[in-house]
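One structure is given here, and the rest of the page talks about it.
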Amino acid sequence: MITAAAAEPLRQLGYGQVQLAAGPLQRQARENHRLVLALDENALLRPFRMRSGLAAPGHDLGGWYDTYGFAPGANFGQWISALSRYYAITGDVPTQDKVHRLVRAYAATLESDGRFYQNNRFPAYTYDKLVGGLLDARLLAHDAAALSMLERTTQAAVAYLPPHAVARNEHSKPGEDFSKHAWDESYTLPENQFFAWHLTGDDRHCVLARRFLYDDFFSPLANGDNVLPGKHAYSHVNALSSAAQAYLSLGSPMYQQAALQGFAMIDAQSYATGGWGPDEHFIVPGSGALGASLTDVRNSFETPCGAYAHFKLTRYLLRITRDTRYGDSMERVLYNTVLGALPIQSDGRAFYYSDYTRNAKKRFYPDHWPCCSGTLPMIAADYAISTCFTDPNGIYVNLYVPAQVTWRQGNAMCCLSIKTDYPYAGAIALTMQVPGGLTFTVNLRIPAWAAGASVRVNGRRETPTLEPGTFAAIQREWRSGDLVELELPLPLRLQSVDAAHPDTVALLAGPLVLMRVLDEDWTNDSTLTRTALRSAQRFSSDAHDWQAKLVDKTLKWRPFVDIIEESYSVYQDVLPV
Ligand SMILES: [Zn+2]
10 MITAAAAEPL RQLGYGQVQL AAGPLQRQAR ENHRLVLALD ENALLRPFRM RSGLAAPGHD
70 LGGWYDTYGF APGANFGQWI SALSRYYAIT GDVPTQDKVH RLVRAYAATL ESDGRFYQNN
130 RFPAYTYDKL VGGLLDARLL AHDAAALSML ERTTQAAVAY LPPHAVARNE HSKPGEDFSK
190 HAWDESYTLP ENQFFAWHLT GDDRHCVLAR RFLYDDFFSP LANGDNVLPG KHAYSHVNAL
250 SSAAQAYLSL GSPMYQQAAL QGFAMIDAQS YATGGWGPDE HFIVPGSGAL GASLTDVRNS
310 FETPCGAYAH FKLTRYLLRI TRDTRYGDSM ERVLYNTVLG ALPIQSDGRA FYYSDYTRNA
370 KKRFYPDHWP CCSGTLPMIA ADYAISTCFT DPNGIYVNLY VPAQVTWRQG NAMCCLSIKT
430 DYPYAGAIAL TMQVPGGLTF TVNLRIPAWA AGASVRVNGR RETPTLEPGT FAAIQREWRS
490 GDLVELELPL PLRLQSVDAA HPDTVALLAG PLVLMRVLDE DWTNDSTLTR TALRSAQRFS
550 SDAHDWQAKL VDKTLKWRPF VDIIEESYSV YQDVLPV
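The opening position of the sequence shown corresponds to residue 10 in the working numbering, with each subsequent residue numbered one higher.
Okay, structure coming up:
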């Protein structure tokens with residue numbers, strides 16, 4: 010049994026309350042905002058119009074999204090969500106206008122017989138994303154029509170949903186030939202249905218949420234029985250957010266345990282990057298399959314979708330437990346996977362899999378507009394709400410990213426400005442703006458690897474020393490201009506891929522996995538040592554490269570975010586100790 014704090018969950022801030030400043034997170038958020046704002050509206054609507062027998066001007070978007078493609082219109086709801094979230098962050102009126110136009114045009118395609126879902130491989134997946142999009146359109150883009158569209162969408166889709174959550178390959182109905190890969194994901198439905206229930210008060214959504222709770226999966230997890238092996242990775246991590254939301258909505262401890270235990274089992278079979286699920290599937294614990302995957306599985310981690318689900322789950326678990334391990338895990342996935350995703354191209358080429366083979370490259374997925382082009386714009390918007398959380402006593406700083414954070418402490422509006430080059434540097438400066446003097450607590454996440462971290466307030470060192478793997482709580486009367494300086498050491502360390510491959514190691518610096526850059530004359534070394542890897546250094550404190558000079562060669566390392574076209578290797582084989 011994993012125990013959790015009994016206190017109320019931490020509160021999430023609104024999208025507009027965290028403004029990212031210049032840095033790689035802001036860059037990725039902005040490029041994804043531009044992408045969704047530029048999407049061709051006729052092309053977005055075409056699968057809905059055509060499949061409902063309506064006139065459909067323009068052309069198909071291409072790839073998975075096409076009217077009769079692999080997943081017709083499947084990303085539509087996610088892009089409505091992304092647009093709504095970017096509107097909430099930026100207040101950009103053309104973004105809000107685009108949400109309103111798309112919701113109205115989508116409404117005109119809705120047929121009560123749900124013909125859009127006929128002969129559709131992904132009725133539950135597509136419906137779930139539409140629900141999320143319409144909820145975001147209402148809540149974030151203030152779309153007055155979105156909730157009535159939600160009701161009509163539910164009415165149209167419900168006949169095409171299975172009677173309860175079913176395994177991923179058991180969806181197709183008689184007469185539909187999806188026998189090879191039905192692949193729908195009805196077990197992810199409850200999370201958005203709970204949101205819809207809370208927002209509308211309509212009990213039908215609570216009934217739907219309960220109907221799709223995947224107890225065949227959650228119940229064994231809650232009992233500590235690892236039923237992950239062989240399951241599709243992303244969608245089952247996504248399902249754990251439904252377990253977390255079921256706990257928050259219904260109060261059932263079984264769902265809390267399922268989310269906590271499920272996360273712990275996934276963490277135990279993760280790569281050093283925080284990614285999981287080689288070839289999109291969970292492995293048998295202790296089998297050595299993670300290490301074995303490095304030789305032949307280029308589809309190492311489904312990056313944008315996996316990171317999106319991972320962020321959502323770790324946000325829930327951090328809020329519920331106040332345990333820093335979930336923030337540590339989130340930032341590991343951030344810096345070593347999704348932040349290094351190639352940008353989605355306007356023709357729909359998108360980054361899907363991270364490659365952890367020994368001679369790896371970043372690549373676009375061959376099919377245009379895949380699932381990961383739906384989740385990347387959403388997660389880049391969600392960086393804002395993953396940065397800080399609050400409770401009645403103060404603020405919790407989770408991600409150390411350049412940002413301005415505004416929140417209400419009691420009746421007072423407060424602002425925290427975060428300046429840092431983390432994780433390339435360990436210095437983080439937080440400056441307070443408060444009206445008058447105000448007493449509350451600033452909680453700073455001290456990562457589990459950060460032994461020797463220290464903090465100064467207005468130049469004075471705070472005692473006692475900070476304990477890694479906890480939130481450091483600084484309670485005092487704050488005044489405008491108060492400066493908190495956190496110093497996180499970024500120790501170099503090695504981590505084996507799994508117990509069966511103790512001499513296959515990744516090199517880490519703080520939360521960053523340093524990936525070895527492979528020159529053209531690269532050969533597979535048989536003489537690398539742990540000492541050689543640990544001798545890596547930067548030649549200036551702001552360099553994004555690490556180097557180790559050996560007798561006969563120089564080895565170079567670079568974080569995933571800084572790799573573009575070069576070949577790299579996440580893991581090195583080193584001589585046994
Ligand atoms: Zn994906």
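Where a beta carbon is used, it is the ideal one built from N, C-alpha and C, also for glycine.
Just so it is clear, the structure is predicted and the values come from calculations on it, not from any experiment.
Comparing alpha carbon positions, the residue from Ala155, Phe131 and Ser251 closest to arginine 147 is Ala155. With contact defined as three or more Cβ pairs closer than 8 Å, the region 163-179 and the region 110-121 are in contact. The criterion of a C-beta distance shorter than 8 Å is satisfied by tyrosine 325 and alanine 253. Under the DSSP assignment, aspartate 137 falls in the alpha helix (DSSP H) whose first and last residues are 132-148.
In this structure, ligand 1 has no non-hydrogen atom nearer than 7 Å to the beta-carbon of tyrosine 134. Inter-residue distance for glutamate 496 and arginine 465 is about 9 Å (C-alpha atoms, whole angstroms). For tyrosine 74, the distance from the CB to the nearest heavy atom of ligand 1 is not below 7 Å.
If one requires a minimum length of 4 residues, the alpha helix (DSSP H) runs lying completely within the region 259-319 are 262-277 and 298-305, in chain order.
The alpha carbon of threonine 429 has as its nearest neighbour, out of Gly25, Leu34, Glu17 and Asn533, the alpha carbon of Leu34. For asparagine 235, there is no enclosing alpha helix (DSSP H), as DSSP gives it neither H nor E. For threonine 197, the shortest C-beta to heavy atom distance toward ligand 1 is 7 Å or greater. In this structure, ligand 1 has no non-hydrogen atom nearer than 7 Å to the beta-carbon of proline 287. Relative to the non-hydrogen atoms of ligand 1, the Cβ of threonine 384 comes within a distance shorter than 7 Å of at least one. For threonine 366, the closest alpha carbon among the candidates Thr472, Tyr577 and Val586 is that of Tyr577.
Checking the DSSP bridge columns, you'll see tyrosine 362 partnered with Glu311. Per the coordinates, the alpha-carbon of valine 522 lies some 14 Å from the alpha-carbon of tyrosine 431. Here the C-alpha atom of isoleucine 427 lies approximately 46 Å from the C-alpha atom of histidine 173. Distances taken from the Cβ of proline 352 to the heavy atoms of ligand 1 include none shorter than 7 Å.
By the Cβ criterion, the region 466-481 is not in contact with the region 417-426, since fewer than three pairs of Cβ atoms, one from each stretch, lie closer than 8 Å. Considering only Leu259, Tyr169, Asn51 and Ala242, the residue with the shortest C-alpha distance to phenylalanine 203 is Leu259.
Shown here, glutamine 28 sits in a strand according to DSSP, grouped into three states. The continuous stretches of alpha helix (DSSP H) do not include cysteine 380, and DSSP gives it neither H nor E. For glutamine 354, the number of other beta carbons within 10 angstroms of its own is below 16, and it is reported as exposed. Judged by the Cβ position, proline 456 fails to qualify as a neighbour of ligand 1 at the 7 Å threshold, every heavy atom of the ligand being at least this far. Where glutamate 575 is concerned, there is no enclosing alpha helix (DSSP H), because DSSP gives it neither an H nor an E. Judged by beta-carbon spacing, tyrosine 317 lies beyond the 8 Å limit of methionine 274, meaning their Cβ atoms are not closer than that value. Minimum Cα-Cα distance from tyrosine 24 among the listed residues Leu53, Ala47, Ala248 and Leu92 corresponds to Leu92. From the listed residues Gly435, Gln484 and Arg470, the smallest Cα separation to proline 498 is found for Gly435. Comparing alpha carbon positions, the residue from Leu159, Gly315 and Asn452 closest to arginine 331 is Asn452. Valine 45 and glutamate 471 have their C-alpha atoms spaced approximately 45 Å apart. Look at the beta carbons and you see the region 297-305 not touching the region 338-358: under three pairs across the two are nearer than 8 Å.
Three or more pairs of CB atoms, one per stretch, sit closer than 8 Å, so the region 566-573 contacts the region 514-530. Excluding the 5 residues flanking it on each side, alanine 389 has same chain C-beta neighbours closer than 7 Å at Gln37, Ala38 and Asn41, in chain order.
Between ligand 1 and the CB of proline 313, the shortest heavy atom gap is smaller than 7 Å. Annotation for serine 463: the continuous beta strand (DSSP E) segment containing it runs 463-466.
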